[in-house]
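Asker: In the numbering used here, the protein residues as written are 0 to 209.
What follows is a single structure, and I will ask about it in a moment.
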């Protein structure tokens with residue numbers, strides 16, 4: 000879709016995996032490369048937000064641009080929020096998303112974690128076709144589960160960036176807490192297994208057997 004960009008977050012420390020999970024092979028393909036290929040099947044431009052872009056230069060990532068995730072420190076109110084690259088000592092997915100979102104030019108952006116090996120392109124494309132019918136007041140379109148929203152596999156409007164920066168500058172780091180403040184469209188999820196996270200060696204073993 001020409002009116003859709005994608006952001007893939009690759010800033011986690013992979014502490015539970017014991018190695019960089021973005022580089023573990025899933026059926027012969029490094030996980031980050033797999034996720035970027037999925038994103039590129041839905042979006043014309045894919046931004047990979049990571050503190051370590053040099054670590055992934057050898058991967059085959061067509062139509063992908065790296066965004067260097069930088070430390071954030073709370074912004075002085077007098078300085079405003081124009082330069083978010085000045086901002087957070089405690090980065091995380093919310094901060095990485097904000098830094099990526101600042102580069103997006105399209106109305107909608109697909110946000111993906113780097114560890115969703117069961118994700119299916121056809122589901123994302125089906126969701127994307129329904130974005131035109133999302134109410135104007137909704138800042139995002141996400142799947143929902145008993146624990147809350149699935150923030151790292153869904154769609155956000157670019158115009159939510161000011162609200163996101165305000166939340167971060169107030170010390171917010173939780174997607175769930177931020178999303179609770181706004182209207183979010185629920186995406187249909189007939190196959191919850193596509194949201195399977197690969198976080199541990201046990202998870203990787205499950206994927207290798209599938």
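Glycine is no exception: its CB is placed at the ideal position from the N, C-alpha and C atoms.
State the Cα-Cα distance for the pair residue 92 and residue 45, rounded to the nearest angstrom.
Answerer: Near 16 Å, if we compare the C-alpha coordinates of residue 45 and residue 92.
Asker: Which two residues bound the contiguous beta strand (DSSP E) that contains residue 154?
Answerer: Residues 147-156.
Asker: Note the first and the last residue of the continuous beta strand (DSSP E) segment covering residue 65.
Answerer: Segment 63-67, the beta strand (DSSP E) holding residue 65.
Asker: Is it true that the CB of residue 23 sits closer than 7 Å to the CB of residue 122?
Answerer: Against a cut-off of 7 Å, the Cβ pair of residue 23 and residue 122 comes out as no contact.
Asker: Under 8 Å, with one C-beta from each stretch per pair, do the region 38-52 and the region 136-149 reach the 3-pair mark?
Answerer: Contact fails: fewer than three Cβ-Cβ distances are below 8 Å.
Asker: From 130, 125, 114 and 120, pick the residue whose C-alpha is nearest to that of residue 105; which is it?
Answerer: Closest by alpha carbon: 130.
Asker: For residue 108 versus residue 181, is the C-beta spacing smaller than 7 Å?
Answerer: It is not a contact, given that the beta carbons lie outside the stated cut-off.
Asker: So does the region 160-175 actually touch the region 112-122, counting three or more Cβ pairs closer than 8 Å?
Answerer: The answer is no - the region 112-122 does not touch the region 160-175, with fewer than three Cβ pairs under 8 Å.
Asker: Under three-state DSSP, which class holds residue 160?
Answerer: Here residue 160 sits in helix by DSSP.
Asker: According to DSSP, simplified to helix, strand and coil, what is residue 102?
Answerer: In this structure, residue 102 counts as coil in the three-state DSSP scheme.
Asker: How is the alpha helix (DSSP H) around residue 175 delimited, first residue to last?
Answerer: Note, residue 175: alpha helix (DSSP H), 174-178.
Asker: By DSSP, does residue 107 sit in helix, in strand, or in coil?
Answerer: DSSP places residue 107 in strand when its eight states are reduced to three.
Asker: In terms of alpha-carbon separation, which member of 33, 150, 158 and 185 lies closest to residue 132?
Answerer: Nearest C-alpha to residue 132: 185.
Asker: For residue 33, which residues in the same chain have their Cβ closer than 7 Å to its Cβ, ignoring the five residues on either side in sequence?
Answerer: Correct list, in chain order: 25 and 116.
Asker: Where does residue 29 land, buried or exposed, given buried means 16+ other C-beta within 10 angstroms?
Answerer: Residue 29 is buried by the Cβ-count criterion.
Asker: Roughly how many angstroms separate the alpha carbons of residue 138 and residue 160, rounded to a whole number?
Answerer: Roughly 10 Å separates the two Cα atoms.
Asker: Please state whether DSSP places residue 21 in a helix, a strand or coil.
Answerer: The answer is helix: DSSP assigns residue 21 an H, G or I state.
Asker: Based on DSSP bridge pairs, tell me the residues matched to residue 46.
Answerer: In the DSSP output, where bridge partners are listed per residue, residue 46 has 6 and 64.
Asker: If you drop the 5 nearest sequence neighbours on each side, which residues of the same chain put their C-beta closer than 7 Å to that of residue 128?
Answerer: Nothing meets the Cβ criterion.
Asker: Assuming residue 32 is part of the alpha helix (DSSP H), what are its boundary residues?
Answerer: Counting along the chain, the alpha helix (DSSP H) containing residue 32 begins and ends at 30-39.
Asker: Could you tell me the distance, in whole angstroms, from the CA atom of residue 77 to the CA atom of residue 179?
Answerer: Here the model assigns residue 77 a pLDDT of 40, short of 50, so the residue's position is not dependable, and the following value carries that caveat. The alpha-carbon atoms of residue 77 and residue 179 are separated by roughly 28 Å.
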